[in-house]
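Line order of the protein sequences matches chains A and B.
Numbering (this note's numbering) for the first sequence: 125 to 594.
Numbering (this note's numbering) for the second sequence: 1438 to 1782.
Even glycine gets a Cβ: it sits at the ideal position worked out from N, Cα and C.
Take a look at the structure set out below.
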Amino acid sequence: MNYRTDDRGMPGTVVDTLEGWERMAPSGDAHGVSQRASGTVGLEAWPSLASARRRLATPTWLRMTVIVVATTIVVFGIVAVNATLRRHSAATAVGAEASSVLVDAGDLYVSLADADASASTAYLHAGLEPPALRRRYTADLQRAGQRLAALSDHELGRDARPAIEAIASALPVYAGYVESARANSRHEFPLGAAYLRRASDLMRSTILPAATDLYRQASQRLDRSYRAGSTPSHELSLLLVATAAVGALVAAQVLVSWRTRRSLNVGLLVATVAVAALGLGTLWAFDSHERALTRSQHDGSDPLTVLSTVRIQVLRSLRAENLDLIERGTDPAHQMEFNQVTNSIRSQEGTGLLATATRLAERDGDAAGIDTIARHYDDYLFAHDRVSRLQADGSYDEAVRAAVDVEAPAATTLDRALATEIDAARGRLQVYAHDARKGLPVLALAIVLVTAAAAGLVAAGLRPRLREYR
Amino acid sequence: MMSWRRTQGTAVALGSAVLLIAASACAVRSGPSDALRSLDELPAPVTSVPSTSAAAPSTTVSATEQRCDAEALATKSYAPDPLPPVGDMTPGTRMRQIADRGNLRVGVDENTLGLSSRNPATGQIEGFEVDLAHEIAQRIFGERDPARVDLVPVVTRNKTDIVAKGDVDLSINAITMTCPRWEDVAFSTEYYTADQQLLVREDSDIRAIDDLAGRTVCVTAGSSSFDMMVERVPKAVLLPVRARTECLLALQNGEADAYFGHDSFLYGMKRQDPTVEVREGIIPGDTASHYGIAISRDHPDLVRFVNAVLEEIRADGTWATLHDRLETELPGLPDATPPEPQYRG
């Protein structure tokens, strides 16, 4: 058989092609052939569309099929790669960025509040300031400065700027007041107490609220990262385009085998299998990575957040206690704050932050660390009760001694236990967050390669059919 | 045809497999963290600046006050009863109740060097007014034991309230006896006379009352100095503070141009900061401040007892000794004799 071709070897005009097709048909009458050629039986009934029928001749629809199918495969590839990379960056955000921000923000508050507690404990102590307290205060301020710098480095967004600026500008003023207090107290002047009070007011009214704000924002940011890493829209869109691609492939397969009267087109078949496998594989990968991300949240960032909040609350209670002693119990607001804060940690009924932390720890079976914390918390409350009793009895000096020698160290021990547990939670968070992004870049590369190959296979598979029209 | 059915079957199989995987994927979701709820325990941002507002001076004068003013009753206390034996209070009296209780609760300041301040080296409150409290306690308990005196630090704003509420037995806190204050508490006879003056930086150009127009003058909230400034120097801008030393702090930081207060405070401040100085005579009129010990109106027997103790102290030279000690503490403080007591008819 020879086909009329033009110089380039491409099938000639539509009419020529039709003639060639008629010559090629192995069997059947001209009417049946022309029916198959047109592809739709009822087209003769529309004589005005006869020219359209000629336009929709075989190679064109074949070419269109290739284009449409390849396009859906490519779209699938783009969406899949996009979803994979998004997931990867979200998991990275959780593991590296957002969790560091949360820990830094918590540390910042703790450093600031501890500096203030050291300063007020030194005041209560009377006499020469113990060198250990002074060292602790200095170390606290340094750590606060470092955390603040780290936080401004991270991109917490514009919302964090006012808080960071507030702390950065108020902290040197605070430190200046504390030094003036020290200098005056060395001369045994009561002016020192006025400077200390001003420092403490600045801490309470400006610095600590800004630090609390940063901590809140960091928590919310971590939560947002988790949501971004597990949003169903990735999977849904992936499912959609995968189904579309596979559906297009299968439809093309059906169409081609029907029109060419061959059973299966190998290229299309392989491409279908490849795309389907890729779609299923990606969904499975997303699923397992999401499990890891959830684990990172359950075993990592949830306990981290709750325990950091407990840490902050313990410091608030200690500050209230110190202020109450400094003002010799004349302001009932301090004891009220102490009770309110400790109630939030563990209430009379046993609910509260510690209970939440225990529940979270038991979820993955290891509550030993929380038990230690609970024990230290009991010691702290016991010391507080003793201080309160002594104050109520009017034994002020003994109350101060009990606060400085017993209660403050108990709070320090509690803080250390909390810090240890927070570190452990952070470790778990990072391990699982790493699992949640492990291998995703490779997957993205695989998607690119496989979809390119599939598109190529579609073209390659249908090329012989196309060539038959020359 | 066979090929079509096979293709159809493959498509259906593939489709259902995909749907199954997707369905299982939807089952595992990391939803919003409930650890976030722990953040609710943290305090909300503080939006209000800590208030240092002073009580506004009352403008309505009651009939009692008018009578009090007319007859100069502010500085007149109840006549003293004869003192019971030291350490042996008469049953049924307030003093006996205090003796039985075991301690005398006294409201004092802890910021006023000389009169009453906390010594940072020892943590103890000491001063002229504390010594007076110990004198009174010694008569009640029969011994001079610091543990018997429970010193409760108060700030100017609540130095009479604390007596009226019953939190302390006495308040010895440079309280100027005024007619309005007699409405809330009773006073002993005068134990000290102070003069209200201005404290400025030594390079200040404030020398006359007109210089104060538009300048910032620091005063303690709820003090008679505050009322005096409002009345006599309305053109000055007032900066009320919670405790006296905060005015020295304001002067040091340039937040105020002057501090208007009792010279008993001002000389203490000059000792803590040699670069300030006391300027007398700038505010016109009577600037004398007559200090009385505030006692609950419900216990006139205690008032009479305290007056008797004060009589004794004046007579036996104790007051003079205590004042000498005060002059040593506060260089520049003028010498003085014990103020004469005045009694109501």
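Of the choices the options, whose alpha-carbon is the least far from that of residue i?
{"i": "R1734/B", "options": "R1533/B, V1605/B and G1551/B", "result": "V1605/B"}
{"i": "T396/A", "options": "V380/A, A369/A and A256/A", "result": "A369/A"}
{"i": "D283/A", "options": "Y339/A, L402/A and A578/A", "result": "Y339/A"}
{"i": "E221/A", "options": "D495/A, Y350/A, A246/A and T189/A", "result": "Y350/A"}
{"i": "A1725/B", "options": "Q1633/B, R1555/B and E1580/B", "result": "Q1633/B"}
{"i": "R310/A", "options": "P296/A, E253/A and L439/A", "result": "E253/A"}
{"i": "D1568/B", "options": "D1772/B, P1768/B and V1746/B", "result": "V1746/B"}
{"i": "L1395/B", "options": "S224/A, Q344/A, A507/A and E303/A", "result": "This structure gives no information on residue 1395/B, because the portion of chain B shown stretches from 1438 to 1782."}
{"i": "T575/A", "options": "L186/A, V190/A, V198/A and I191/A", "result": "V198/A"}
{"i": "M1666/B", "options": "I1719/B, Y1515/B and L1510/B", "result": "I1719/B"}
{"i": "L428/A", "options": "L265/A, L388/A, E461/A and T480/A", "result": "T480/A"}
{"i": "R322/A", "options": "E312/A, A507/A, T336/A and S304/A", "result": "S304/A"}
{"i": "E486/A", "options": "A250/A, D325/A, G405/A and G424/A", "result": "G424/A"}
{"i": "V1715/B", "options": "P1775/B, H1736/B, D1723/B and L1685/B", "result": "L1685/B"}
On the DSSP bridge assignment, give the partners of residue i in chain order.
{"i": "D1632/B", "result": "A1725/B"}
{"i": "H358/A", "result": "H358/A is not bridged to any residue."}
{"i": "S1514/B", "result": "Y1780/B"}
{"i": "V511/A", "result": "BP columns for V511/A are empty, so no partner."}
{"i": "D1587/B", "result": "R1542/B"}
{"i": "C1655/B", "result": "L1676/B and Y1696/B"}
{"i": "F1624/B", "result": "A1731/B"}
{"i": "V399/A", "result": "According to DSSP, which records beta bridges pairwise, V399/A is partnered with nothing at all."}
{"i": "S1554/B", "result": "N1548/B and E1563/B"}
{"i": "S1608/B", "result": "G1544/B and A1731/B"}
{"i": "T480/A", "result": "For T480/A, which the question treats as bridged, DSSP gives no partner whatsoever."}
{"i": "E1714/B", "result": "V1637/B"}
Rounded to the nearest angstrom, what separates residue i and residue j at their Cα positions?
{"i": "G371/A", "j": "V394/A", "result": "14 Å"}
{"i": "L407/A", "j": "G474/A", "result": "43 Å"}
{"i": "T482/A", "j": "L257/A", "result": "33 Å"}
{"i": "Y261/A", "j": "R513/A", "result": "29 Å"}
{"i": "V390/A", "j": "A401/A", "result": "16 Å"}
{"i": "A1626/B", "j": "A457/A", "result": "The sequence as given places Thr at residue 1626/B; Ala does not occur at that position. Spanning the two alpha carbons is a distance of roughly 35 Å."}
{"i": "I497/A", "j": "A549/A", "result": "14 Å"}
{"i": "P1778/B", "j": "T1530/B", "result": "23 Å"}
{"i": "R561/A", "j": "A342/A", "result": "21 Å"}
{"i": "A194/A", "j": "G563/A", "result": "27 Å"}
{"i": "T129/A", "j": "L186/A", "result": "Bear in mind that the predicted position of T129/A carries a pLDDT of just 42, short of 50, making it unreliable; the figure below should be weighed with that in mind. Their backbone Cα atoms lie some 18 Å apart in a straight line."}
{"i": "P588/A", "j": "L373/A", "result": "17 Å"}
{"i": "P296/A", "j": "L505/A", "result": "34 Å"}
{"i": "W145/A", "j": "P183/A", "result": "Confidence is the limiting factor: at W145/A the pLDDT is only 42, short of 50, which leaves the residue's position unreliable and the question unanswerable from this model."}
{"i": "P1617/B", "j": "V227/A", "result": "56 Å"}
{"i": "L567/A", "j": "S357/A", "result": "19 Å"}
{"i": "S381/A", "j": "L586/A", "result": "11 Å"}
{"i": "H413/A", "j": "P255/A", "result": "51 Å"}
{"i": "D1761/B", "j": "T1512/B", "result": "24 Å"}
{"i": "P1528/B", "j": "R452/A", "result": "31 Å"}
{"i": "V1600/B", "j": "P1711/B", "result": "36 Å"}
{"i": "M327/A", "j": "D240/A", "result": "8 Å"}
Below 8 Å on the Cβ atoms is my guess for residue i versus residue j; work out the distance and round it to an integer in Å.
{"i": "A334/A", "j": "A557/A", "result": "Contact flag wrong, Cβ pair sits at about 28 Å."}
{"i": "E531/A", "j": "E445/A", "result": "7 Å"}
{"i": "G219/A", "j": "L553/A", "result": "7 Å"}
{"i": "V1674/B", "j": "R1652/B", "result": "7 Å"}
{"i": "Q377/A", "j": "L392/A", "result": "5 Å"}
Considering only residues of the same chain and omitting the five flanking positions on each side of residue i, which have a CB-CB separation below 6 Å?
{"i": "V465/A", "result": "Q437, R440 and S441"}
{"i": "E1766/B", "result": "G1551"}
{"i": "A318/A", "result": "none"}
{"i": "A527/A", "result": "L449 and V511"}
{"i": "G201/A", "result": "I571 and T575"}
{"i": "G152/A", "result": "Its pLDDT being 40, under 50, G152/A is placed unreliably in this model, and the coordinates cannot settle the point."}
{"i": "S242/A", "result": "L257, R260 and Y261"}
Going by beta carbon distance, what residues of the same chain come within less than 8 Å of residue i, once the five residues before and after it are set aside?
{"i": "E1566/B", "result": "V1545, D1546, L1552, S1553, I1609, N1610 and A1611"}
{"i": "T1549/B", "result": "G1564, A1611, R1681, T1682, S1701, F1702 and G1705"}
{"i": "V225/A", "result": "L275, H278, L280, A342, R345 and L346"}
{"i": "M1532/B", "result": "P1521, M1526, I1577, D1738, L1739 and F1742"}
{"i": "A217/A", "result": "S349, A352 and G353"}
What residues in its chain sit with their C-beta under 7 Å from that of residue i, if we drop five residues either side in the sequence?
{"i": "E1764/B", "result": "L1770 and D1772"}
{"i": "S276/A", "result": "I288"}
{"i": "L431/A", "result": "A481, L542, E545, I546 and A549"}
Would you say the beta carbon of residue i is closer than 7 Å to some non-hydrogen atom of the ligand ZN?
{"i": "N1610/B", "result": "Looking for the ligand ZN in the displayed structure turns up nothing, as the structure carries no ligands at all."}
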